[in-house]
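Residue numbers (the numbering used here): 107 to 414.
Just so it is clear, CB atoms sit at the ideal spot from N, CA and C, and this is done for glycine as well.
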Ligand code: CP
Ligand code: NVA
């Protein structure tokens, strides 16, 4: 019977915080939790949620995951707590560490998340920053494994902005040696420092291809993935980005150029008929709602590893 192993790092701020073995372990635990072959108790443990940006899936899946572990959550709305007033992070983090057992934080800058982790004496989880969305990547790879049985030899094509979601996918691709292709308009490539670090840690130095041509990105792909063109915090760039991303919509024509049994993923929320058509979201190849469900299973697995 599989049991949660403690992770090497105390916090989960980035996919770089996990070893390959740890990612595989979390995916395996999540599978057992989803299939109801495993019950894990973290009775009485408390998860604090600090969300500086909106969220449906991440917030609710963390809340349900925690309740399934026998724990509880406290939603610390920055506007009604002293966080919104600007209380120093080093104070908030130390105080909350005395009440809670783990924190999940959604904020803008990765450095803000790191500051929380620096001062907290409990694990801190990245619930999305401008730079990464690591819990999402765990659910994505879980969904792909669930579909195909194994990850080896699979090709994931991400058509869209080189953003937080793309960044975390790249790192997990490096860890799991899965081919990742990123197709984005010129100037929207993923962060080069992160890309170089991912290549450095990967056994397969050719696992990543970045192109400005969606057709190159898609040929023979097993997974077609996209995300919004303008992320939270980029609302003022919407018009420009909508223009720059013309031709990058995942539509039926593009899907037909991928592998026959290719699945479609989107982290949601989506702008239907912008980055992806309504038809493709609702098509039989779509695993978008399974992917959303899987957030809960992988986060339950993650929490059980981070909480002793
Ligand atoms: N995919 C995702 O993180 O969704 P939410 O913004 O609703 O949490
Ligand atoms: N890239 C998107 C993901 C939302 C889950 C954003 O950061 O807004």
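With respect to residue 327, residue 308 sits apart: the two C-beta atoms are not nearer than 7 Å. Within a 10 Å sphere around the beta-carbon of residue 332 sit 16 or more other beta-carbons, which makes this residue buried.
Judged by DSSP secondary structure, residue 321 falls within the alpha helix (DSSP H) whose first and last residues are 320-324. Rounded to whole angstroms, the Cβ separation of residue 296 and residue 273 is 6 Å, and the two are in contact under 8 Å. Where residue 177 is concerned, there is no enclosing alpha helix (DSSP H), because DSSP gives it neither an H nor an E. Note that the C-beta distance between residue 407 and residue 139 is below 7 Å. Three or more beta-carbon pairs separated by less than 8 Å link the segment 245-263 to the segment 127-139, which places the two stretches in contact.
Here the segment 202-210 makes contact with the segment 225-234; the two share three or more CB pairs at distances below 8 Å. Non-local beta-carbon contacts of residue 156 in its own chain, meaning distances under 6 Å to residues more than five positions away in sequence, involve 182, 211 in chain order. Look at the beta carbons and you see the segment 221-228 touching the segment 191-198: at least three pairs across the two are nearer than 8 Å. The beta carbon of residue 414 sits closer than 7 Å to those of 112, all from its chain and outside the five residues before and after it, given in chain order. Approximately 5 Å separates the beta-carbon atoms of residue 304 and residue 277; this is inside 8 Å, confirming the contact. When the beta-carbon positions are compared, residue 152 and residue 178 come within less than 7 Å of each other. Closest in alpha carbon position to residue 287, among 403, 270, 315, is 315.
Here the distance from the Cβ of residue 338 to the nearest heavy atom of ligand 2 is below 6 Å. It is roughly 16 Å from the alpha-carbon of residue 191 to the alpha-carbon of residue 159.
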